[in-house]
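Novice:
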Amino acid sequence: MANSKKYWRGVEELKNDADIIEASEKEFNEYAPVTEFLKEGKELANTSTSRRDFLKFLGFSTAAATLAACETPVIKSIPYVVKPEEVTPGIANWYASTFANGNDYASILVKTREGRPILIQGNELCPISKGGVNARINASVLSLYNTNRYKNPMMGGAESTWEAVDKAIVSALEKVTAKSGQVRFLTNSILSPTTKKLVGEFAGKVGNFKHVTYDAISYSGMLEANNKAFGKKVIPSYNFDKAKVIVSVGADFLGTWLNDVANTKQYIVNRNPDGEWMSKHYQFETVLTITGSKADVRVPVKPSEQGAVLAALYNKISGQNSGTEYSATIDKAAKDLMDNKGASLVVAGSNDENVQMIVNAINEKLGNYGKTVDINTADYLKQGTDAEFAALVKEMKDGKVDALFISGVDPSYSYPGFAEALAKVGTSVSFATMPSKTAEGCKFVCPDNHYLESWNDAMPKDGHYSICQPVISKLFNTRQMQDSLLKWTGNSKDYYTYLQESWSTDIFPTTGGISFTEFWNKSVHDGVAKAGMMAATPAPVAQAAPIVEGEAAATVTGVSAYVSQAIAAVGKAKSDGWEIELYQKVGIGDGADAANPWLQELPDAISKVTWDNYITMSLADVKEMGLNHKIGQEWPASTVTVTANGVTLEKVPVYPQPGQKSGTVGLALGYGQNVWKQQEPVGFNAYPMVSNKDGKVSYNTSVTIEADGGTYALAATQIHHTIMDRDSVVRETDINTYKTSEKDVYNPIHALAAHEEGENIKKPTSEFDLWEAHPVENVGHRWGMAIDLNACTGCGACVTACHLENNVPVVGKDEVRRGRDMHWMRIDRYYSSDTTKESGAEAGLGGIATYSAMEIPSDNPEVVFQPMMCQHCNHAPCETVCPVAATTHSNEGINQMTYNRCIGTRYCANNCPYKVRRFNWFNYMGYDKFEDVNPSQDDLGRMVLNPDVTVRARGVMEKCSLCVQRIQEGKLNAKKEGRKVKDGEIKTACASACPSNAITFGDLNDKETQAAKKSAHNRAYKVIEEVGTQPNMSYLLLVRNK
Amino acid sequence: MNKFLLRTSGLLTTALLFIFTFIGNANLNAQDADAGEKLFKSNCASCHHPSKKVVGPALKGAQARWAEKSSTETLYDWVRNSQEVIKSGDAYAVSLFEEYGKSVMTAMPQLKNEDIDNIFAYVESYTDPAPVAAAGNEVAGGSEAQSESTPIYIWAIIIVGLIMLVSVVRAINRNLSRTVAEKNGEEGPKDNNLLDGIKDWIAHNRTWTAIIVLILVILGVQDIGASLFEVGVYTGYQPEQPIKFSHEIHAGQNAIDCNYCHSSARHSKHAGIPSANVCMNCHKAISQGPSGTEEIQKIYDAVGWDAEKGTYIEGYVEKPIQWVKVHNLPDHVYFNHSQHVTVGKVACEKCHGEVKELTVGKQNEPLTMGWCINCHRETKVQMEGSEYYDEIHSRLTDNLKEQYMKDGTITVSELGGIECSKCHY
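Here is the structure:
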């Protein structure tokens, strides 16, 4: 029986409600606003475009677009109207100039193409920087093309015109002068004598004027100590090349301390084990630095103990007992120093006047003055004293400063309390090129030109002059600071004329010989000039009697009068609990160019972490605090709360750092600023933690660390730290073994077992061939490199140089963390481990336990830096697996990568034993994920690209090309002139950037080249030679002087 | 169309020649204006114009002026060496020298009296080409336009006419047969249309249909394949340029070396389009081309040259000339002119064709990778007298040398000239 029951969906249906009936007829219960969605209902009905028509149009336009794409693109080619004589399109022009930003100095060569500066290299004519640059200097070309630069003068936070700003400032100055108010001029350490002269003239116009120098990283302690001891408030010149024994206490002189480029150039001369002698280097430091890594003996000490170490050293040298926990090493160091009187050098990084006084006393006792330390040739890199700056800030706070001019420094960022004081200044004028905390707090911003747009000069040391010349016309409506001063003093000259006149009256007379025009042209051409002392030396101190060796009696009493006092003072420096050292990273330095994405992407020389600063802590401490001690893509760092100097930073990641003194932590300065177009600052600003007691700035202080249970992802390019007792990646020996043994002992060749003519023999790997060999010798060129591990300091100048030269994309923190960094060359850093296979077996550890133990670096490890790039193997494993022959071998020994042929299988990267191939996972030049970090996404940033190198597209592999564009250019020049290629004429970007001459490039088939000689050296080996890749790159093993 | 054009221009030339000859014959006693033209162009044209003041005075009527104010003999001497005539103190000569800013006229001792007569014959016979040229252009342009469109027009008309004819004939035929059939009381032929006819034919001739379809398919596929290989290949690309610059006049008639204007070809990767100041080296003096002053004025507009006063305009805002690039290589290719021109000693014509005969720049070769590589395979390396190649050659082992020298030459490819990273990096 059929069920006749009727069900209702509700009372409404039962009642046959009108709404329900209507609703039930609709497919969708809710009202769908389709017609509204497609604009007005009527319009849609009235429109003549039906859906079919729409599809027709779509189809037609697609077809039309396709057809149009096949048409010849019209490319305009617009020549000059009147071509400048020296410009030939397609040929680079090189200009000599000077980099001086208050923290670094180098005479540089700037490469320009069609008027755009694209590369910075060192100027070999400069007797100070000697052709070296560091990463901060060669990457600085990008700051020229930063879109964030001020494009117009600013008044009250709004863009204005020069006329309006000039008028306002001049009238403000007149008012200040009328009421005899106070004018202050705040700058970084100015190296330019002409600028100083001009500032002096400006002072004359405005009355109560004072020029205050401020250095974000202060060397005030050293200046004051020298002032007391020698009556000269200057930094001496050091001669690391004359020192047989070097003791550094907390001075990272190869990375960040005072003229590191010049120091490296000098230091490396005597680190050659084949030389007559090799210097012995002791380093006492808290955070592991590259200088500490190169040291023969490294002792981790607390920052508060640095003074005590030096006091002990002084006592030992004076014949007393050293008596600290480091006595053993100190005694050895003291003995070495005493044995090399006059050929030794002690330096310290501390900003404590007392510590520097002890250093002076030690150097004095060792007779180093006049030999390795030259107090008569002042180094003007740092001139600011803490007391003077503290006095200025106090004046400002008290509202006593009526007008303040700020150039080249950002104290609102780097000096706590400055921003508040700035607000109380009547008229504040900033000459910043880019928005900064200080510039934003100023009433006027008169944007200075970039240094590549400016004329200037520099006197880095007494008697050494260099010229800074513009290499591009001004990009924006900016005006050089000096021109602004001239304008405001009512001088109608431009600074170029002023500079020339100043040179003709002040510097030229002491040179003699040639006419001024000749002298000037030669100076501009060479970038440097040597002259006697200027008539009016702008040194900030009164002249004192020069100290000459042998007649230093007067000053000895000066030093010794203070030294006991100093020793007593440092003796008090005791600290319980955690101590923090606020250090600088090689790439970021004091943070002046932290907005540069190339520098952020450059891995830290030691930790290999990019795009961040973090707390460095010894592994033991990390474990004790229960924090993450393994950092990697999937293993984030633990975070802690750090409190020092009354300032608390939260959620700071902790990086376990071998070599860090237990009980101390380190945090890098210079971070906490916006990078490129990013809106969020990168890292943490550690400057507020810099302690400032009685006008004495100290970069170490006590600190409290508390775990907060959080995590933070760090992007490191190397997460494996040891070489696991293998001897085929990096090789090292000590000087005695090297000097007394056969090559087989310290550098054995790899041999494999073979069976030939019925006998078991060993044959070198080079004799095994799986494939038909490429012609190697007896063909044309064979390009290759020899890389000296003894010379490499790991500074990273080569990495940024490669970045510039080869248009390597910036990928940002997230991609680096995923292991997708694009650097064509990297510097691998390996720590030694306490465990070896033998020691593991002796200790009864099993195989796996031994290997696990070998992964853990020593507490105070020995460190090796190894620059690693494509090895250009003659039996390249990548070439055989490419399905489309996109990577092939040239008959000049280059492993070629052909982007337009690559289909992105990545087999080659998979098969590369050196892991040097990089894959373009994204279109870094266009994809919006990289908009804020990649300079090439911006019309202005794109100007820095090298026009001779293809910009790679998404989905292709890339890697070191051995700067083939430079090789081709060098060969072409030789062919045009019908001559052989000269040795050293062609240099890869990394080789030309290296301040320690660790990389030698050349033609290995020409036996006379340096590269060929080094490749055949007893120290030369190939990395993982046993796999039979037969690379064209050789490494010279590390020799420690222990 | 060409025939028509040829005929027209031929007629025009003949007419002009006839007129010139006539004038020449009538006025100047069989002096040779043609020979004079050659002499004028090679010796005088850089400073003189028949009817215009350039660096020196307009030459028309000069003979008469000299005859009046000095003597014809002095004019001959003046042309051969003006400075001596001035030294001799001839009043007219001195006044001329003063009038033209004491610029010294180049001495031409090689010219004989007859040559000078011929030159003046040409000068006197010269008529300003501007109106003539303009008219000629109009005529030529008109005829060109006609001759270009005529065949398509005609063909279209013929085809349409034929189709109409065929349909009319068919219709008449059908009507006639229907009438005949109706008369005979039979059923007329069906009112058949063309499509049905084709269908019918196909139904009865299947083999032929298959063959025709096969042929069509093969032709189609081949055509598509061939056209795919042409994507991005622009052989014969000859874009319109902002100035009607003629290589034929510069490199052909006046035999200016390619490197004079494209000077960076010897030094740089770019051959370089000459900057306007290079043009001005000659065009300061030459303000008129075959089509008048309009095109050369464009150079003056770029640099700001006042042709009337013969000076640059002060404070002029220069306007670069926006040429259209003819030879475009993809961005991932590195090509260097100096490598080919200076080192390889390759003649410009090898890649750019007979530019001397071109009025507008044209891409002569496909510029494909295959084309490059072919040349690298065939071209011998210019090793003579180069220490660079001596060194490279000396490094080769004997068996390699033997292998390379099998064909008697060392080609570019044998020294690695077809390796990827020679052009791609």
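Here the protein sequences line up with chains A and B, keeping their order. All the letters of the first sequence, read from the start, carry residue numbers 10 to 1051 under the numbering used here. All the letters of the second sequence, read from the start, carry residue numbers 3 to 427 under the numbering used here. A virtual CB, placed ideally from N, CA and C, is assigned to each residue, including glycine. Computed from a predicted structure; not experimentally measured.
Considering only their Cβ atoms, is the gap separating Y155(B) from L369(B) smaller than 9 angstroms?
Specialist: no
Novice: Quick one: which chain A residues come within Cβ less than 9 angstroms of K327(B)?
Specialist: V83, I84, K85 and S86
Novice: Can you tell me the Cβ-Cβ gap for Q392(A) and S227(A), rounded? I've got them flagged as a contact below 8 angstroms.
Specialist: About 10 angstroms; that fails the 8 angstroms criterion.
Novice: Can you pull the chain B neighbours of A925(A), defined as C-beta to C-beta under 9 angstroms?
Specialist: In the sequence under discussion, the amino acid at residue 925(A) is Val, which differs from the Ala named in the question. Per Cβ cutoff of 9 angstroms: no residues; V925(A) is ~16 angstroms from chain B at best.
Novice: For Y16(A), count neighbouring C-beta atoms within 10 Å of its own C-beta (all shown protein chains included) and say buried if the count is 16 or more, exposed if not.
Specialist: exposed
Novice: Against chain B, which members of the region 900 to 915 of chain A pass a CB distance test of less than 8 angstroms?
Specialist: N900, E901, I903, Q905, M906, T907, Y908, N909 and R910
Novice: Hey, out of T498(A), V192(A), A604(A) and E362(A), whose CA is closest to M405(A)'s CA?
Specialist: V192(A)
Novice: Kindly identify the DSSP beta-bridge partner or partners of C477(A).
Specialist: N465(A)
Novice: Say whether chain A places a C-beta atom closer than 9 angstroms to the C-beta of C422(B).
Specialist: yes
Novice: Terminal residues of the continuous beta strand (DSSP E) containing W587(A)?
Specialist: Boundaries cannot be given for W587(A), as no beta strand (DSSP E) includes it and DSSP labels it neither H nor E.
Novice: Report the residues of the region 332 to 345 of chain B with a CB closer than 9 angstroms to any CB of chain A, ordered along the chain.
Specialist: P332, D333, H334, V335, Y336, N338, H339, S340, Q341, T344 and V345
Novice: Under 8 angstroms, CB to CB, which of the residues in the region 956 to 975 of chain A have a partner in chain B?
Specialist: D957, V958, T959, V960, S970, V973 and Q974
Novice: Does the region 964 to 974 of chain A come close enough to the region 101 to 109 of chain A to have 3 or more Cβ pairs within less than 8 angstroms?
Specialist: no
Novice: Taking C-beta pairs closer than 8 angstroms, name the residues in chain B that T897(A) reaches, listed in chain order.
Specialist: E421 and C422
Novice: Indicate whether at least one CB of chain A lies closer than 9 angstroms to the CB of G227(B).
Specialist: no
Novice: Per DSSP, Q299(B) is paired with what?
Specialist: None, per the DSSP bridge assignment.
Novice: What are the residues of the region 250 to 271 of chain B that lie near chain A, defined by any Cβ-Cβ distance shorter than 9 angstroms?
Specialist: S265, S266, R268, H269, S270 and K271
Novice: Can you tell me which of the three DSSP states D937(A) falls into?
Specialist: helix
Novice: On the three-pair Cβ rule with 8 angstroms, is the region 801 to 815 of chain A touching the region 910 to 929 of chain A?
Specialist: Segments in contact, no.
Novice: Roughly how many angstroms lie between the CA atoms of Y335(A) and A810(A), to the nearest whole one?
Specialist: 40 angstroms
Novice: Whether or not the region 489 to 508 of chain A and the region 140 to 158 of chain A are in contact is what I'm after, with contact meaning three or more pairs of Cβ atoms, one per stretch, closer than 8 angstroms; do they touch?
Specialist: These segments do not touch.
Novice: Assign R835(A) to one of two classes, buried (16 or more other C-beta atoms within 10 Å of its C-beta) or exposed (fewer than that).
Specialist: buried
Novice: Buried or exposed: A74(A), going by 16 or more other Cβ atoms within 10 Å of its Cβ?
Specialist: exposed
Novice: At least one CB of chain B closer than 9 angstroms to the CB of H759(A): is that the case?
Specialist: no
Novice: Taking only three categories from DSSP, how would you classify I1029(A)?
Specialist: The sequence given here has Ala at residue 1029(A), not Ile. A1029(A): strand per DSSP, three-state reduction.
Novice: Determine, for Q299(B), whether the minimum Cβ-Cβ distance to residues of chain A falls below 9 angstroms.
Specialist: no
Novice: Does the distance from the C-beta atom of K358(B) to that of I323(B) stay below 9 angstroms?
Specialist: Contact: no.
Novice: P870(A): which of D269(A), P309(A) and N235(A) sits nearest, CA to CA?
Specialist: P309(A)
Novice: Between P1040(A) and chain B, is there a C-beta pair that is closer than 9 angstroms?
Specialist: False, the Cβ-Cβ gap to chain B never drops below 9 angstroms.
Novice: For the region 1012 to 1025 of chain A against the region 985 to 1004 of chain A, do three or more pairs of beta-carbon atoms, one drawn from each stretch, fall closer than 8 angstroms, so that the two count as touching?
Specialist: yes
Novice: Since V355(A) and V368(A) are thought to touch, with beta carbons under 8 angstroms apart, how far apart are those beta carbons, to the nearest angstrom?
Specialist: About 5 angstroms; that satisfies the 8 angstroms criterion.
Novice: Please tell me whether T399(B) has its Cβ less than 9 angstroms away from any Cβ of chain A.
Specialist: With 9 angstroms as the cut-off, T399(B) counts as an interface residue toward chain A.
Novice: In terms of alpha-carbon separation, which member of V438(A), F398(A) and T442(A) lies closest to F427(A)?
Specialist: F398(A)
Novice: Near K160(A), what residues of its chain come up, given a Cβ to Cβ distance below 7 angstroms and the 5 sequence neighbours on each side ignored?
Specialist: F485 and N486
Novice: Note down the Cα distance separating M2(A) from A273(B), rounded to an integer number of angstroms.
Specialist: Not covered by the structure: residue 2(A). The range shown for chain A is 10 to 1051.
Novice: Is it buried or exposed for W512(A), if we count other Cβ within 10 angstroms and need 16 for buried?
Specialist: buried
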